[in-house]
Amino acid sequence: MAKIAILGSSFGGLTAAFELKRLLGSQAEVTVISDDNRFIFMPSLPWLIMGWRRPEDITLNVSEILKSKGIQFIHEAAIGVDPETAKVKTTTKEFSYDHLVISTGPFLSFDEIPGLGPDKGHTDCTFTLDHAVRTGQTWKKILEDPGPVVVGSSQMVSCFGPSYELAFEMDAELRRRKMRHKVPIIYLTSEPYLGHMGVGGLGNSKRFFEDEFADRDIKSVVSQAIEEVTPGEIKLKDGTKIPFKLAMIAPPFKGVPAVAPLGNPRGFIPVDKNFRHTKHKNIFAIGVTMAIAPPEQTPVPTGVPKTGFMTVKMAKTAAATIYSDIKGTPPPPMTELEVVCLMDMGNTAALMKASPVLPPRQSSFTKKGIWAKWMKVGFEKYFLYKMKNGLSNLP
Amino acid sequence: MAKIAILGSSFGGLTAAFELKRLLGSQAEVTVISDDNRFIFMPSLPWLIMGWRRPEDITLNVSEILKSKGIQFIHEAAIGVDPETAKVKTTTKEFSYDHLVISTGPFLSFDEIPGLGPDKGHTDCTFTLDHAVRTGQTWKKILEDPGPVVVGSSQMVSCFGPSYELAFEMDAELRRRKMRHKVPIIYLTSEPYLGHMGVGGLGNSKRFFEDEFADRDIKSVVSQAIEEVTPGEIKLKDGTKIPFKLAMIAPPFKGVPAVAPLGNPRGFIPVDKNFRHTKHKNIFAIGVTMAIAPPEQTPVPTGVPKTGFMTVKMAKTAAATIYSDIKGTPPPPMTELEVVCLMDMGNTAALMKASPVLPPRQSSFTKKGIWAKWMKVGFEKYFLYKMKNGLSNLP
Amino acid sequence: MAKIAILGSSFGGLTAAFELKRLLGSQAEVTVISDDNRFIFMPSLPWLIMGWRRPEDITLNVSEILKSKGIQFIHEAAIGVDPETAKVKTTTKEFSYDHLVISTGPFLSFDEIPGLGPDKGHTDCTFTLDHAVRTGQTWKKILEDPGPVVVGSSQMVSCFGPSYELAFEMDAELRRRKMRHKVPIIYLTSEPYLGHMGVGGLGNSKRFFEDEFADRDIKSVVSQAIEEVTPGEIKLKDGTKIPFKLAMIAPPFKGVPAVAPLGNPRGFIPVDKNFRHTKHKNIFAIGVTMAIAPPEQTPVPTGVPKTGFMTVKMAKTAAATIYSDIKGTPPPPMTELEVVCLMDMGNTAALMKASPVLPPRQSSFTKKGIWAKWMKVGFEKYFLYKMKNGLSNLP
């Protein structure tokens with residue numbers, strides 16, 4: 574019986590586990606290793622910050638779900654992988670695998686920028702539930718005692734959507750409360766222009782964000798790297814200083830230390846079109862963990878986003894490939910990665926699509942409409958239902 | 574009985590006089606001091622230039638109106654104020670006051686730029702009735718013998734609306750006459766970008782003006798200061814020379830000499846949120862006379878506009894504050910200044926709003942529609958009716 | 574009987590011949606001299622490249638048409654004009670004229686840029702039927718074996734429409750075939766900005782093309798001159814290298830050698846408002862052959878386009894002027910040149926108008942709609958019918 578280890582219990586890890594179990598049934602022992610027993614629907618973290626969701630609305634219990642599906646769960650942090658002996662080391666154990674799927678997400682590398690991050694108490698972040706809860710508290714203080722807000726991304730970030738969402742959502746909420754004029758909002762980013770999003774834009778996204786920001790009085794500072802953060806002030810590499818009362822700044826992304834030695838200098842793992850490690854054929858990497866070359870060199874380094882939508886597709890392809898490895902059947906057809914993104918805008922929303930992810934593309938656009946908000950709310954419920962019931966085969 | 578002196582008989586002066594008389598009745602002696610017996614509805618001066626209004630359509634007789642309301646009128650120029658002895662000096666008199674309201678508007682400082690202004694005969698202007706009448710004559714000559722037109726603003730201007738209006742109106746009129754191709758129109762400005770208007774833009778105003786100017790073949794030269802004007806040519810600080818047959822160039826603004834010593838180096842008077850002089854508590858300054866710090870340093874210095882709409886609000890607040898001073902009651906609640914502006918565009922019009930005036934704002938936008946033209950025409954009639962009858966308490 | 578020679582058998586030459594014969598009948602001997610017996614409806618060459626037209630769909634037999642109208646045809650290349658003796662030299666003959674109309678179109682000056690042009694086998698072109706046929710073959714190869722496409726114009730080009738059309742058409746066709754993502758498209762141009770088109774833009778054309786290109790994922794490289802072309806690579810003057818599998822690059826335009834000595838250093842012939850040579854009063858030049866000063870110096874030199882629409886108008890004016898010369902009647906009223914252009918966009922089309930051609934203008938706009946496509950298809954049929962039957966007097 575094939576032993577399959579999966580590192581990570583978020584979009585990629587759970588989907589891979591469900592798929593492998595579904596495809597291989599009793600022919601495989603599928604084990605998920607993660608230090609987090611919670612599945613968080615991360616796309617809703619901006620709503621949690623805004624006070625529009627509670628943690629329990631967007632959290633599932635991983636061990637319960639896996640148990641009901643006959644999947645093992647080791648609730649421990651992986652601390653290393655030895656590809657030669659095919660073993661994962663966790664805090665207390667060693668675990669042998671025949672196949673390994675790595676879906677450990679980003680390591681939030683706050684320490685690369687002096688003063689950055691919630692631990693230093695200067696800036697907030699939206700990429701984990703705990704960070705988001707803390708940011709939500711800072712946001713509440715802004716509503717009581719208004720002051721300047723900065724949202725955005727430092728250099729070497731590859732996920733820009735949530736920052737855009739927060740800029741729009743804060744704008745909308747402040748207008749509802751008739752206090753928008755007390756809170757200047759700056760969108761600060763390493764993207765070379767608004768709407769780049771790490772993928773060279775999606776259709777008319779540059780003009781789209783420029784127009785929306787102008788209409789909403791959101792100022793932007795683009796193509797910038799952060800030198801350091803001190804209490805209440807962000808200092809950019811070019812010397813500009815931006816004061817803030819709340820700063821939600823995405824930190825540089827790296828691969829997590831346990832798997833970084835398998836990857837490139839920043840710890841992202843090189844894979845082929847089936848998400849198989851370019852060197853270690855029984856290791857797969859999906860989601861933020863895996864490396865995609867950017868479509869173009871940007872003046873300030875940025876990365877290509879891997880959304881939940883993309884990660885789920887990667888998990889399915891990786892699972893199908895492992896299935897074909899075990900069964901000795903031909904590998905599944907490679908599909909070009911595409912991205913569909915529903916971006917909340919507070920009082921409306923937008924649907925963004927790029928197919929394939931990087932230009933040139935068969936199809937790419939950015940379209941705004943309240944229907945996109947309905948889709949976004951519906952998708953949250955649907956996806957949580959799907960995960961809770963392990964229905965990874967649903968579209 | 575409190576003696577209240579008001580310098581100026583335009584939007585601010587008349588409104589302050591009516592309000593103080595209405596509030597205090599026989600408890601105050603209200604005196605307006607002005608060298609101009611005419612109230613001019615200045616927002617219609619661009620229409621006068623275009624030949625769409627006659628002077629009598631937009632002029633009221635100040636002494637008649639004030640008399641009917643029991644307000645004194647000294648038809649003389651103020652030549653100085655002594656805040657220590659609380660006296661206004663006019664050409665032939667000295668006038669003691671308990672409270673002083675200064676609403677003297679801008680001093681058009683043509684002499685700061687060699688060759689600028691109607692007196693030198695090179696450029697025209699739209700900021701006084703007499704200037705506008707003269708500009709209307711130049712415009713008629715353009716219609717007979719077409720040539721290049723330049724409209725816009727020099728450095729240190731704080732009123733951009735009329736120049737935009739004239740650019741649009743001239744464009745529309747020339748097209749009606751099928752001679753637009755004989756008259757290149759350039760909009761020259763100290764604003765850092767189109768639609769800045771001294772307030773950092775209003776919603777999507779940058780794109781709005783860029784698109785409208787492209788559609789209308791109006792060229793723009795932005796972020797420029799003027800070095801000098803010679804017959805038929807404007808020389809910019811960067812050396813560019815712009816030829817013209819008609820040039821309507823707003824000059825640098827300063828405070829008028831009689832009150833400038835009470836103000837900052839350019840003669841604008843520093844006030845608190847009730848428009849009370851920061852040092853002399855019985856002196857108030859409203860309208861262009863009073864100082865507002867710009868929202869941001871612009872590469873070429875510009876000022877924040879104080880429209881008639883804003884000036885009327887300031888006059889009411891100042892009057893209410895003087896009332897509370899005299900009565901010993903609490904001062905009126907401070908309200909954030911906002912601006913609503915109806916901009917004529919010749920064949921259509923736009924409504925612009927910024928609330929508050931300077932960013933960040935609760936609300937700001939630029940919207941185009943023929944309804945805005947109807948509003949503008951209606952407002953002209955309504956406001957003249959209100960002033961003629963001293964109905965300052967109407968909205 | 575007046576002897577009138579016409580050089581060229583395309584839009585200008587045929588229209589001039591028909592008009593002169595119609596006006597003068599037996600009072601003139603009208604002779605067309607051309608080395609090409611084919612009239613090509615050149616605006617449809619992009620469609621031929623795309624495979625949407627066959628050569629026979631857009632070709633007429635010149636000698637047959639001229640014969641039916643009683644117009645002489647010398648099927649030989651003109652190799653020189655002697656204005657002093659009023660003679661045209663062809664390959665084998667000398668031909669005396671009383672009046673000469675030059676409508677020889679552009680000389681495609683590939684040799685000014687090393688490696689440019691179909692003869693060197695590196696880049697393609699769309700300005701002659703033979704070039705277009707060859708480009709159509711390259712395009713077919715792209716559909717079978719996709720790779721990067723570059724369309725556009727080198728320095729000193731004065732006809733940008735077909736390159737824009739091809740960029741749009743290729744984009745639309747590739748999307749239909751679901752292979753757009755395999756073919757990056759770059760629009761490379763000497764225009765200072767998108768939509769300039771050699772005439773300083775037409776209404777909102779800059780924004781129009783920027784928006785359309787963003788929506789369609791067509792990248793642009795503007796304000797560039799080409800240094801040289803090597804197999805599969807265009808090297809720009811600024812050192813940038815652009816790889817390509819298909820490159821459709823318009824070459825520098827000059828006047829054709831046979832008439833260039835009558836013109837300016839680049840061989841374009843200076844004329845007055847009636848298209849009469851500024852020095853030789855019995856010589857007229859129309860269409861691309863004649864010189865129009867550009868509306869503004871562009872950083873990379875570009876020229877003013879003379880479309881078929883414009884050339885036909887010029888031919889009529891020249892013919893009417895020759896008629897008045899011969900009859901001794903007053904010359905026809907001069908009309909400002911205007912341009913109306915129907916630009917195909919693959920899945921839609923646009924109507925562009927500039928009246929007059931160069932700014933400032935009475936009217937100019939760019940409007941998109943499927944109706945413009947219907948107009949374009951209809952106009953092709955109508956114009957071919959008109960030429961085939963010599964009905965130059967129809968509008």
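For the protein sequence lines, the chains are S, E and Z, in the order given.
If you use this note's numbering, the first sequence corresponds to residues 574 to 968, in order.
If you use this note's numbering, the second sequence corresponds to residues 574 to 968, in order.
If you use this note's numbering, the third sequence corresponds to residues 574 to 968, in order.
Beta carbons are placed, not taken as given, at the ideal position from N, Cα and C, and that holds for glycine.
Using the beta-carbon count (16 or more within 10 Å), is residue i buried or exposed?
{"i": "E:D655", "result": "exposed"}
{"i": "S:W620", "result": "buried"}
{"i": "Z:L580", "result": "buried"}
{"i": "S:S669", "result": "exposed"}
{"i": "E:P804", "result": "exposed"}
{"i": "S:P834", "result": "exposed"}
{"i": "Z:G768", "result": "buried"}
{"i": "E:L681", "result": "buried"}
{"i": "S:R626", "result": "buried"}
{"i": "E:D684", "result": "exposed"}
{"i": "Z:K534", "result": "The structure shown does not extend to residue 534 of chain Z, since chain Z spans only 574 to 968, so no value can be given for it."}
DSSP on residue i, reduced to helix/strand/coil?
{"i": "Z:D608", "result": "coil"}
{"i": "E:Y766", "result": "coil"}
{"i": "S:K810", "result": "coil"}
{"i": "E:L775", "result": "coil"}
{"i": "S:K818", "result": "coil"}
{"i": "E:M918", "result": "coil"}
{"i": "Z:Y737", "result": "helix"}
{"i": "Z:H754", "result": "helix"}
{"i": "S:Y760", "result": "strand"}
{"i": "S:E717", "result": "helix"}
{"i": "Z:L580", "result": "strand"}
For a cutoff of 8 Å on Cβ pairs, would you count residue i as touching chain S?
{"i": "Z:P757", "result": "yes"}
{"i": "E:P904", "result": "no"}
{"i": "Z:D790", "result": "yes"}
{"i": "Z:A787", "result": "yes"}
{"i": "E:A771", "result": "Correcting the residue type first, residue 771 of chain E is Gly in the shown sequence and not Ala. False, the Cβ-Cβ gap to chain S never drops below 8 Å."}
{"i": "Z:A784", "result": "Going by the sequence as given, residue 784 of chain Z is Asp instead of Ala. Yes, its Cβ sits closer than 8 Å to a Cβ of chain S."}
{"i": "Z:K818", "result": "no"}
{"i": "Z:K751", "result": "yes"}
Would you say residue i faces chain Z, with C-beta separation under 8 Å as the test?
{"i": "E:H754", "result": "yes"}
{"i": "S:E909", "result": "yes"}
Taking residue i and residue j to be in contact with their CB atoms under 8 Å, please state how far apart those CB atoms are, rounded to whole angstroms.
{"i": "Z:I652", "j": "Z:A831", "result": "5 Å"}
{"i": "Z:I948", "j": "Z:L924", "result": "A small fix is needed here, since residue 948 of chain Z is Met in this sequence, not Ile. With a Cβ gap of about 7 Å, Z:M948 and Z:L924 count as contacting."}
{"i": "E:F857", "j": "E:A823", "result": "Not quite, the Cβ-Cβ distance comes to about 26 Å (not below 8 Å), so this is no contact."}
{"i": "Z:I622", "j": "Z:T708", "result": "5 Å"}
{"i": "Z:A945", "j": "Z:A927", "result": "Their Cβ separation, rounded to whole angstroms, is 16 Å, which puts Z:A945 and Z:A927 out of contact at 8 Å."}
{"i": "E:V756", "j": "Z:P932", "result": "Not confirmed; about 11 Å, so no contact."}
Any beta carbon of chain E sitting closer than 8 Å to that of residue i?
{"i": "Z:S793", "result": "no"}
Could you check whether the Cβ of residue i sits closer than 8 Å to any Cβ belonging to chain A?
{"i": "S:K941", "result": "The structure shown contains no chain A; its protein chains are S, E and Z."}
Worksheet item: Are at least three pairs of beta-carbons, each pair with one atom in the segment 644 to 662 of chain E and one in the segment 774 to 788 of chain E, less than 8 Å apart?
Response: Counting Cβ pairs under 8 Å, fewer than three are found: no touch.
Discussion item. Taking 8 Å as the cut-off, does the segment 892 to 909 of chain S touch the segment 592 to 606 of chain S (at least 3 CB pairs, one atom from each stretch)?
Written reply: Flag = yes, the segment 592 to 606 of chain S and the segment 892 to 909 of chain S touch.
Worksheet item: Any contact of the segment 783 to 803 of chain E with the segment 733 to 750 of chain E, i.e. 3+ C-beta pairs under 8 Å?
Response: With a cut-off of 8 Å, the segment 733 to 750 of chain E and the segment 783 to 803 of chain E count as touching, because enough Cβ pairs lie within range.
Worksheet entry | Inter-stretch contact at 8 Å, needing at least 3 Cβ pairs: the segment 752 to 764 of chain Z / the segment 868 to 880 of chain Z | Under the three-pair Cβ rule at 8 Å, the segment 752 to 764 of chain Z counts as touching the segment 868 to 880 of chain Z.
Worksheet item: Does the count of Cβ pairs from the segment 720 to 729 of chain S and the segment 816 to 834 of chain S closer than 8 Å reach three?
Response: Counting Cβ pairs under 8 Å, three or more are found: they touch.
Worksheet item: Is the segment 878 to 893 of chain Z touching the segment 692 to 705 of chain Z, taking contact as three or more C-beta pairs under 8 Å?
Response: Contact between the segment 878 to 893 of chain Z and the segment 692 to 705 of chain Z is absent, because fewer than three Cβ pairs lie under 8 Å.
Discussion item. Check whether the segment 627 to 638 of chain S and the segment 610 to 617 of chain S touch, using three or more Cβ-Cβ pairs below 8 Å as the test.
Written reply: They touch, by the three-pair rule.
Practice prompt. Could you say if the segment 581 to 590 of chain Z and the segment 842 to 861 of chain Z meet the contact criterion of at least three C-beta pairs nearer than 8 Å?
Written response: Yes, the segment 581 to 590 of chain Z is in contact with the segment 842 to 861 of chain Z.
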